[in-house]
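Inspection log for the structure reproduced underneath, given as structure tokens.
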Amino acid sequence: MAAPKGNRFALAHGFGRPAIYETPEELVKKAVEYFEIETNATGRCQPTISGLIFHLGFSSRQTFYNYKEKSEDFLDTINRLVQFIESCYEKQLYSFAWAGSVFALKNINSKDWKDEVTQNQNQTVTQVNITEKTRDEK
Numbered sequence: 002m003a004a005p006k007g008n009r010f011a012l013a014h015g016f017g018r019p020a021i022y023e024t025p026e027e028l029v030k031k032a033v034e035y036f037e038i039e040t041n042a043t044g045r046c047q048p049t050i051s052g053l054i055f056h057l058g059f060s061s062r063q064t065f066y067n068y069k070e071k072s073e074d075f076l077d078t079i080n081r082l083v084q085f086i087e088s089c090y091e092k093q094l095y096s097f098a099w100a101g102s103v104f105a106l107k108n109i110n111s112k113d114w115k116d117e118v119t120q121n122q123n124q125t126v127t128q129v130n131i132t133e134k135t136r137d138e139k
């Protein structure tokens, strides 16, 4: 049976799942470990958001993004990690197989990366008044 709405018992008594990371520094240390693993033999780092989330031990993207609400430091750290992965995808745009990178960029940052067609139409309206001459005016 679910607890009634507004129940604050768990908040006051410290129940619930403990945080995976207490500080942003712990999160960064584990993320750097993931980036080192994902660096291939040619020196190119090919990380993914899903891979990072899995390596960090989160069960979902939402849990990962919820850490932004913990503090300004976590907000900045998560934004920078996602920005780093986005920059790796941007670098892949110069390669032969760029379509997957385009797809990933559109899903990671849909505000900045989107297909958009803009059309501008300029129309000029000319008004012509036609008056009819009567026979008497000739």
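For the sequence shown, this note's numbering assigns the number 139 to the last residue and increments by one with no breaks. Virtual Cβ for every residue (Gly too), placed ideally from N, Cα, C. All values reported here derive from a predicted model rather than from experimental measurement.
Residue i versus the options, residue with shortest Cα-Cα distance
i: residue 92; options: 47, 31, 35 and 66; result: 47
i: residue 35; options: 51, 101 and 24; result: 51
i: residue 117; options: 55, 107 and 125; result: 107
i: residue 33; options: 49, 60, 20 and 18; result: 49
i: residue 87; options: 60, 123 and 53; result: 53
i: residue 84; options: 98, 109 and 62; result: 109
i: residue 45; options: 55, 95, 73 and 62; result: 95
i: residue 38; options: 18, 55, 129 and 125; result: 55
i: residue 19; options: 26, 71, 6 and 62; result: 71
6 angstroms CB neighbourhood of residue i in its chain, flanking five on each side removed
i: residue 31; result: 57
i: residue 22; result: 28
i: residue 59; result: 65
Same chain, Cβ closer than 7 angstroms to residue i, five either side skipped, listed in chain order
i: residue 41; result: 47
i: residue 105; result: 90
Local conformation of residue i per DSSP, three classes
i: residue 131; result: coil
i: residue 117; result: coil
i: residue 103; result: helix
i: residue 126; result: coil
i: residue 23; result: coil
i: residue 6; result: coil
i: residue 110; result: coil
Contact set for residue i: own chain, Cβ-Cβ below 8 angstroms, skip 5 residues either direction
i: residue 69; result: 75, 76, 79 and 80
Handout entry: Length-filtered (4 minimum) alpha helix (DSSP H) runs lying within the segment 32-99
Key = 50-57, 62-67 and 73-93
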